[in-house]
Amino acid sequence: MLDIKFIRENPKIVKEEIKKRNMKNDEIVDVIIASDEKKRKLQQEIEELRKQQNDANQAIAKDKDGNLLEKMKDIKSKLSKLDPKLKMLEDEIKKNLFLLPNIAHESVPVGPDESGNVVLKKWGEKPKFDFEPKEHFKIESVKNLIDTERGAKVSGARFWYLKGDLARLEFALMQYAFNFYSDKEFEPMIVPMLVREPAMYGTGFFPAEKNEIYTVNADGDNLYLVGTAEVPLAAYHMNEILNLENGPKKYMGYSSCFRREAGTYGKDTKGILRGHQFNKIEMFIFCDPEESWSLHEDLLKCSEEFLQSLGLHYQVLNMCTGDIGTPNAKKYDIETWMPGQNKYRETHSCSNDTDFQARRLNCKFTDKDGKKKFVHTLNNTGCADLRVLIAILENYQQKNDTVIVPEVLRKWIGKDVIG
RNA sequence: GGGAGGGUGACUGAGUGGUUGAAAGUGCUGCUCUCGAAAAGCAGUAGACCGGCAACGGUCUCGCGGGUUCGAAUCCCGCCCCUCCCGCCA
0 MLDIKFIREN
10 PKIVKEEIKK
20 RNMKNDEIVD
30 VIIASDEKKR
40 KLQQEIEELR
50 KQQNDANQAI
60 AKDKDGNLLE
70 KMKDIKSKLS
80 KLDPKLKMLE
90 DEIKKNLFLL
100 PNIAHESVPV
110 GPDESGNVVL
120 KKWGEKPKFD
130 FEPKEHFKIE
140 SVKNLIDTER
150 GAKVSGARFW
160 YLKGDLARLE
170 FALMQYAFNF
180 YSDKEFEPMI
190 VPMLVREPAM
200 YGTGFFPAEK
210 NEIYTVNADG
220 DNLYLVGTAE
230 VPLAAYHMNE
240 ILNLENGPKK
250 YMGYSSCFRR
260 EAGTYGKDTK
270 GILRGHQFNK
280 IEMFIFCDPE
290 ESWSLHEDLL
300 KCSEEFLQSL
310 GLHYQVLNMC
320 TGDIGTPNAK
330 KYDIETWMPG
340 QNKYRETHSC
350 SNDTDFQARR
360 LNCKFTDKDG
370 KKKFVHTLNN
380 TGCADLRVLI
390 AILENYQQKN
400 DTVIVPEVLR
410 KWIGKDVIG
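Residue numbering for the first sequence follows numbering that gives the first Met the number 0, starting at 0 and increasing by one per position.
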């Protein structure tokens, strides 16, 4: 959410931002400003009446005065007409504020969609094969370890069972990642995967992405399954004032992630690239705004080092205005090379949401001058199980249809080869 | 599922109709004392919004929404949330 004052003072910037992001609702800025003007006028009118009311009250408290009582009744009836109008205006403004995106950092490339993303760097090289590398779900030794048929029988399309060594490999990977990032001083957390509505609004998933989220027992418990640990991690400090004197709060959260994948029918239907459920380690930072841009670079570096330690070739993208999320001021994606598909695929995503999320979460800190200000928040994929598993399977496959286990994972799975 | 209690400022915690935006304590800031620190003493310290160049002024906020009243943190109604006890379960 943007600051209404900022919008009032910089309507052009906001409108340009909407256009840059290839969104079509820039007229909403004028709507907000008009409502805001009306709201402030009305507010002044009401406040003047309230002042009269308060003054009269104090006088009555000292000595009862019949004339004042009449005046009070008059003020009251006026207020009862104006108050609902003010509330309506406020609600309308708020509703519209939720629709506006964050302001992108100047270093974010302008572009209409994914075609505008800029490759910043590549690390490593594509592995060379003396045979035709297969997609992960076609590798003989892996095939039987993914049971999509029974997954569909039990839970529907885009669900599956991972079995045997593939299940073991996932545990190895996650344990490795968990240790890798906690060594980098992210506090480990096992987080709730069901959250209340305010957590979804606070992080910005509601109202925009409501159709991506599973609702649980809407008539009773009314909880939502998280699509990422970002939600419980961000909401962890909701409505709090943080002490950041000892540096930023850095967390890593492990959770299962649930996504309805509405509108992706027919996309990535083979294999385990896109499912309704997966597991992920996510990192989240609450920090002083002065530090957020350098921390954003640090976060990216963390994920890069992780992939490097697994020996996986990847590229880093600076995501353009048309392809970053509404709350993001800047976002890097890491795409890891998947030789079976002959493509780079997104495995990591690293965002600085500046104060956009903090304003919704109502999360502040006390700055050097003792002022309370909104924090900046950043989030980053530590390790998303399926995507990294796929990368490992496709990059480390052998001609004989076995898969070599990356060296750093061996101590966690206790074997060198799968299949 | 049955029963009970409760939601007050950064935090702990008083306050049951009239200058209570709110006692006290903690924390924080400044000053005094000290070579310095600690301790002690004194003083200051909520947020949001509106108007104003500013000084400053105003309104709102004691979980949320409504009601009673000239006036509500305080009374009434609805909702949300939390805690404890019993039962059930992991």
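Glycine included, every Cβ here is placed at the ideal spot set by N, Cα and C.
Which residues share a DSSP beta bridge with residue i?
i, result
"LYS329", "ASN351"
"ALA383", "LYS279"
"LEU459", "For the chain, the structure presents residues 0 to 418; residue 459 sits outside this window and is missing."
"GLU334", "GLN314, GLU345"
"PHE97", "Answer by DSSP bridge pairing: none, since PHE97 is not bridged."
"CYS286", "HIS375"
"TYR395", "Per DSSP, none; premise fails for TYR395."
"TYR160", "ASP146"
"VAL416", "ILE403"
On the criterion of 16 or more Cβ atoms from any shown chain inside 10 Å, does residue i qualify as buried, or is it exposed?
i, result
"LYS330", "buried"
"GLN43", "exposed"
"ASP322", "buried"
"MET0", "buried"
"VAL194", "buried"
"ILE17", "buried"
"TYR235", "buried"
"TYR264", "exposed"
"PRO187", "exposed"
"GLU406", "exposed"
"GLU134", "buried"
"GLU334", "buried"
"ASP182", "exposed"
"ARG39", "exposed"
"GLN307", "exposed"
"PHE355", "buried"
"ILE212", "buried"
"ILE189", "exposed"
"ASN24", "exposed"
"LYS248", "buried"
"GLU36", "exposed"
"ALA383", "buried"
"ASP155", "Per the sequence shown, residue 155 should be read as Gly rather than Asp. Its Cβ having fewer than 16 others within 10 Å, GLY155 is exposed."
Starting from residue i, follow the alpha helix (DSSP H) in both directions and report where the run begins and ends.
i, result
"VAL404", "First-last for VAL404: undefined, no H or E at that position."
"LEU243", "Looking at the DSSP string, LEU243 is not in any alpha helix (DSSP H), and its letter there is neither H nor E."
"PRO231", "229-235"
"LYS152", "147-154"
"GLU8", "3-8"
"LYS142", "139-142"
Could you pull the start and end residues of the beta strand (DSSP E) that residue i belongs to?
i, result
"LYS248", "248-257"
"PRO187", "186-189"
"TYR223", "222-224"
"THR365", "363-365"
"PHE170", "No beta strand (DSSP E) contains PHE170, which is instead part of the alpha helix (DSSP H) from 163-181."
"LYS371", "371-373"
Next item on the list: Give, in chain order, every unbroken run of the beta strand (DSSP E) that is at least 3 residues long and sits entirely within the region 101-132.
Entry: 117-122
Next item on the list: Tell me, please, whether the region 138-146 touches the region 49-56 by the rule of three or more beta-carbon pairs shorter than 8 Å.
Entry: no
Check: With a cut-off of 8 Å, do at least 3 Cβ pairs link the region 338-346 to the region 207-216?
Finding: no
Notebook entry, point to check: Does the region 224-241 come within contact of the region 147-164, defined as at least 3 CB pairs closer than 8 Å?
Noted result: no
Note to self: If contact is defined by three or more beta carbon pairs under 8 Å, each pair taking one atom from either stretch, is the region 10-17 in contact with the region 102-109?
What the structure shows: yes
Notebook entry, point to check: Which parts of the region 191-215 are runs of the beta strand (DSSP E), unbroken and 3 residues or longer, counting only runs that do not cross its ends?
Noted result: none
Notebook entry, point to check: With contact counted as at least three CB pairs below 8 Å, one residue from each stretch, are the region 357-366 and the region 236-243 in contact?
Noted result: yes
Margin query: Would the region 401-415 count as touching the region 161-179 if we require 3 or more Cβ pairs under 8 Å?
Written below: yes
Check: At a cut of 8 Å, does the region 192-208 reach the region 348-361 through at least three beta carbon pairs?
Finding: yes
Next item on the list: Spell out a yes or no on whether the region 146-153 and the region 386-399 are touching, meaning 3 or more CB-CB pairs, one atom from each, closer than 8 Å.
Entry: no
Check: Any contact of the region 310-326 with the region 104-116, i.e. 3+ C-beta pairs under 8 Å?
Finding: yes
Next item on the list: Starting from the N-terminal side, write out each stretch of the alpha helix (DSSP H) that is 4 residues or longer and does not extend beyond the region 21-65.
Entry: 26-61
Item checked: the region 1-10 / the region 74-82 touching (three or more Cβ pairs under 8 Å) -> no
Margin query: Measuring CB atoms only, is the region 275-288 touching the region 247-265, in the sense that at least three cross pairs come out at less than 8 Å?
Written below: yes
Check: Do the region 288-307 and the region 374-382 make contact, defined as three or more Cβ pairs closer than 8 Å?
Finding: yes
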